[in-house]
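In our numbering, the protein residues as written are 150 to 706. Cβ atoms here follow ideal geometry from the backbone N, Cα and C, with glycine treated the same way.
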Amino acid sequence: MQMWMKGTATTPPLRDILPRSANGQIVFTSRNRKLAIKLASPEVLSIPDVDKDTASKMLETLLVQKGLLRDDLLTLAFLEQLDFFPLAIAQAADYINENDIELSDYLFIFKEKEATAIELMSEEFDSEGNQNPVITTWLISFQQIQELNRLATDYLSFISCISPKDIPQSILPPAPSAKKHADALGLLNAYSFISLHACNSSFSLHRLVHLAVQNWLRKAGFLSLWVQKTMQRLDDIFPSTDPENRALWRSNLPHTLFLQESGEFQKIRHDYGDFIIRHPDSLTSLSILGSLLLYQGKSQEAEALIRKALQKREKVLGLEHPHALRSTYDLALVLQGQGKAKEAEAINQRVLDWREKTLGPDHADTLACWPVLCYQGKYEDAETMLGQALELSKKVLGLEHPQTLTNADNLGLVLHYQGKYLETEAINQQALEGYKTFLVPEHPDTLTSMRNLAYALKGLRKDQDALALMAKCFQLRKKVLGPDHPHVKLCVEAIEKWLYGTSPSRVGVSLHLYTTTDRALSLNPPRKTTDQPRANVLWGAPSPESLLEYLFGDGTL
Numbered sequence: 150m151q152m153w154m155k156g157t158a159t160t161p162p163l164r165d166i167l168p169r170s171a172n173g174q175i176v177f178t179s180r181n182r183k184l185a186i187k188l189a190s191p192e193v194l195s196i197p198d199v200d201k202d203t204a205s206k207m208l209e210t211l212l213v214q215k216g217l218l219r220d221d222l223l224t225l226a227f228l229e230q231l232d233f234f235p236l237a238i239a240q241a242a243d244y245i246n247e248n249d250i251e252l253s254d255y256l257f258i259f260k261e262k263e264a265t266a267i268e269l270m271s272e273e274f275d276s277e278g279n280q281n282p283v284i285t286t287w288l289i290s291f292q293q294i295q296e297l298n299r300l301a302t303d304y305l306s307f308i309s310c311i312s313p314k315d316i317p318q319s320i321l322p323p324a325p326s327a328k329k330h331a332d333a334l335g336l337l338n339a340y341s342f343i344s345l346h347a348c349n350s351s352f353s354l355h356r357l358v359h360l361a362v363q364n365w366l367r368k369a370g371f372l373s374l375w376v377q378k379t380m381q382r383l384d385d386i387f388p389s390t391d392p393e394n395r396a397l398w399r400s401n402l403p404h405t406l407f408l409q410e411s412g413e414f415q416k417i418r419h420d421y422g423d424f425i426i427r428h429p430d431s432l433t434s435l436s437i438l439g440s441l442l443l444y445q446g447k448s449q450e451a452e453a454l455i456r457k458a459l460q461k462r463e464k465v466l467g468l469e470h471p472h473a474l475r476s477t478y479d480l481a482l483v484l485q486g487q488g489k490a491k492e493a494e495a496i497n498q499r500v501l502d503w504r505e506k507t508l509g510p511d512h513a514d515t516l517a518c519w520p521v522l523c524y525q526g527k528y529e530d531a532e533t534m535l536g537q538a539l540e541l542s543k544k545v546l547g548l549e550h551p552q553t554l555t556n557a558d559n560l561g562l563v564l565h566y567q568g569k570y571l572e573t574e575a576i577n578q579q580a581l582e583g584y585k586t587f588l589v590p591e592h593p594d595t596l597t598s599m600r601n602l603a604y605a606l607k608g609l610r611k612d613q614d615a616l617a618l619m620a621k622c623f624q625l626r627k628k629v630l631g632p633d634h635p636h637v638k639l640c641v642e643a644i645e646k647w648l649y650g651t652s653p654s655r656v657g658v659s660l661h662l663y664t665t666t667d668r669a670l671s672l673n674p675p676r677k678t679t680d681q682p683r684a685n686v687l688w689g690a691p692s693p694e695s696l697l698e699y700l701f702g703d704g705t706l
């Protein structure tokens with residue numbers, strides 16, 4: 150860019166000596182969009198990414214044996230593996246032609262291991278005068294970025310160590326200024342290395358570029374350094390398990406897991422022995438990851454991580470250390486969710502005994518063990534314990550703190566177990582209003598409170614109100630947590646039971662409720678008289694038939 154735009158003390162910029170005439174045009178091609186705009190603006194034509202159909206036609210043209218494309222699914226998998234990148238497709242086709250192999254053979258070689266994929270993309274090939282392999286082409290661009298913008302180079306190195314998809318800008322290393330941050334990302338986007346998403350809050354890195362950057366760093370001897378830098382950055386920014394951080398969990402978790410599963414990370418762990426995993430900060434991160442997986446409904450994965458954190462914490466910190474007890478308590482939550490009630494009860498009882506011994510009976514962590522008493526049917530004792538926890542959190546944290554609201558909601562649950570439905574309704578209603586005010590209506594804790602209130606209404610035989618509230622909870626949970634989350638299934642099961650009891654002829658309702666998306670329940674009160682029948686499903690007094698009609702279009706399944 151210096152040569153074209155500024156020149157030197159002895160030579161003018163090349164832009165100034167280009168011939169200009171009405172009888173002809175000069176066509177520039179460049180991977181650097183910024184340079185193209187400076188040289189030819191506004192006459193700049195961007196070449197978009199190749200779509201599936203174009204890539205398929207290109208591959209068919211390049212292959213000698215057209216019959217290799219007989220399997221559409223295999224062809225699509227082949228092109229997806231190459232990221233629909235034209236130069237990579239040309240190189241792969243050349244390799245297949247020379248070696249007379251099937252698409253499936255190439256895919257097997259490519260997927261075998263990272264080094265093999267790099268070797269394939271480093272193959273020399275000659276396609277219409279282009280002798281540069283894919284890796285060499287990108288290497289030239291990497292070197293140009295190094296010369297132009299150091300921060301862009303750092304960003305590229307960092308994101309090569311995490312998942313290439315859906316990268317939040319907030320996860321990147323801090324920039325000296327907002328302008329330098331924008332310039333760095335703009336340069337990477339100009340070279341088509343990244344694709345900015347809507348609102349520019351996140352972006353993705355092309356998968357083959359991700360692989361090529363890792364290879365570039367490895368050959369330069371910097372990959373291990375950047376893996377360690379990335380580990381430190383993720384450890385610094387990874388949120389705690391506070392409820393208000395759940396949006397950050399969802400965006401950061403895939404990248405943390407990707408890094409931990411990478412070969413270079415495993416190599417560092419092996420080289421440094423058990424030091425990394427034994428460090429208190431690493432143990433905290435491991436425990437948080439387990440809690441996040443549990444929140445996402447991935448019970449088996451959560452159990453594995455939490456057991457690992459527990460084992461290490463007991464070894465490093467001791468059996469009765471508060472952090473070790475926290476991991477033990479988390480394990481009990483996982484087991485309870487898996488239906489292993491007796492095992493969970495035994496673990497929780499051990500935690501309660503230890504906490505009473507080491508922290509005292511009035512400590513917040515001790516009071517958090519109220520589920521142990523519920524497992525044992527000691528609901529009155531659990532009510533007393535939760536009442537103490539509620540008063541303590543009101544005093545220390547305030548009425549509006551999420552933990553205070555959670556304690557109130559849990560107290561309502563224990564009251565429900567005892568059949569004290571009027572008290573349950575009052576306290577759950579109060580907790581729900583608090584969540585809506587101090588969190589957001591779609592916050593997972595708000596939705597849990599909504600579900601609890603629905604059960605309280607059902608206990609008071611306010612069947613229609615309970616059904617309406619549970620239907621609203623179902624729709625919101627499905628939106629926030631996704632259709633496959635266990636909490637969504639719990640709502641489905643409740644609605645099914647309340648509508649039809651245990652009638653075997655209605656078993657299919659679960660699936661219909663679960664998959665219905667084109668009839669999402671409206672959360673806005675009706676504005677027109679004609680809206681009233683449907684609006685009654687949520688805001689009036691719905692019958693089972695009207696709810697079914699709203700959800701499925703008629704009263705039958």
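C-beta atoms of residue i and residue j nearer than 8 Å
{"i": "residue 559", "j": "residue 535", "result": "yes"}
{"i": "residue 411", "j": "residue 366", "result": "no"}
{"i": "residue 345", "j": "residue 304", "result": "no"}
{"i": "residue 259", "j": "residue 230", "result": "yes"}
{"i": "residue 528", "j": "residue 563", "result": "yes"}
{"i": "residue 583", "j": "residue 573", "result": "no"}
{"i": "residue 316", "j": "residue 379", "result": "no"}
{"i": "residue 473", "j": "residue 513", "result": "no"}
{"i": "residue 199", "j": "residue 246", "result": "no"}
{"i": "residue 217", "j": "residue 252", "result": "yes"}
{"i": "residue 357", "j": "residue 308", "result": "no"}
{"i": "residue 618", "j": "residue 630", "result": "no"}
{"i": "residue 649", "j": "residue 608", "result": "no"}
{"i": "residue 709", "j": "residue 201", "result": "Here the chain comprises residues numbered 150 to 706, so residue 709 is not present and cannot be evaluated."}
{"i": "residue 541", "j": "residue 508", "result": "no"}
{"i": "residue 485", "j": "residue 448", "result": "no"}
Euclidean distance between Cα positions of residue i and residue j
{"i": "residue 482", "j": "residue 550", "result": "23 Å"}
{"i": "residue 169", "j": "residue 301", "result": "35 Å"}
{"i": "residue 495", "j": "residue 575", "result": "33 Å"}
{"i": "residue 160", "j": "residue 167", "result": "14 Å"}
{"i": "residue 585", "j": "residue 595", "result": "7 Å"}
{"i": "residue 601", "j": "residue 506", "result": "33 Å"}
{"i": "residue 592", "j": "residue 327", "result": "30 Å"}
{"i": "residue 566", "j": "residue 453", "result": "32 Å"}
{"i": "residue 456", "j": "residue 463", "result": "10 Å"}
{"i": "residue 522", "j": "residue 531", "result": "5 Å"}
{"i": "residue 341", "j": "residue 186", "result": "14 Å"}
{"i": "residue 250", "j": "residue 209", "result": "15 Å"}
{"i": "residue 471", "j": "residue 459", "result": "11 Å"}
{"i": "residue 332", "j": "residue 604", "result": "54 Å"}
{"i": "residue 423", "j": "residue 414", "result": "Note that residue 423 scores a pLDDT of 47, beneath 50, so its modelled location is shaky and nothing firm can be said."}
{"i": "residue 254", "j": "residue 239", "result": "17 Å"}
{"i": "residue 651", "j": "residue 645", "result": "Below a pLDDT of 50, predicted positions are generally treated as unreliable, and residue 651, at 42, falls in that range; no measurement from the model is reported."}
{"i": "residue 242", "j": "residue 211", "result": "6 Å"}
Limits of the unbroken alpha helix (DSSP H) element including residue i
{"i": "residue 238", "result": "235 to 248"}
{"i": "residue 447", "result": "Run containing residue 447: none; DSSP gives neither H nor E here."}
{"i": "residue 640", "result": "635 to 649"}
{"i": "residue 227", "result": "221 to 230"}
{"i": "residue 559", "result": "551 to 566"}
{"i": "residue 622", "result": "612 to 630"}
{"i": "residue 571", "result": "570 to 587"}
{"i": "residue 499", "result": "490 to 507"}
{"i": "residue 467", "result": "Taken as a continuous stretch (DSSP letters only), residue 467 belongs to no alpha helix (DSSP H), as it is neither H nor E."}
{"i": "residue 472", "result": "471 to 486"}
{"i": "residue 302", "result": "299 to 308"}
{"i": "residue 542", "result": "528 to 545"}
{"i": "residue 376", "result": "372 to 386"}
DSSP beta-bridge partners of residue i
{"i": "residue 351", "result": "317"}
{"i": "residue 344", "result": "353"}
Among the options, nearest to residue i - alpha-carbon criterion
{"i": "residue 294", "options": "237, 362, 251, 319", "result": "362"}
{"i": "residue 476", "options": "487, 493, 382", "result": "493"}
{"i": "residue 636", "options": "622, 646, 648", "result": "622"}
{"i": "residue 615", "options": "643, 187, 402", "result": "643"}
{"i": "residue 598", "options": "569, 633, 553", "result": "553"}
{"i": "residue 292", "options": "619, 369, 228", "result": "369"}
{"i": "residue 232", "options": "359, 339, 331", "result": "359"}
{"i": "residue 237", "options": "221, 223, 204", "result": "204"}
{"i": "residue 381", "options": "400, 408, 403, 364", "result": "408"}
{"i": "residue 372", "options": "173, 351, 416", "result": "416"}
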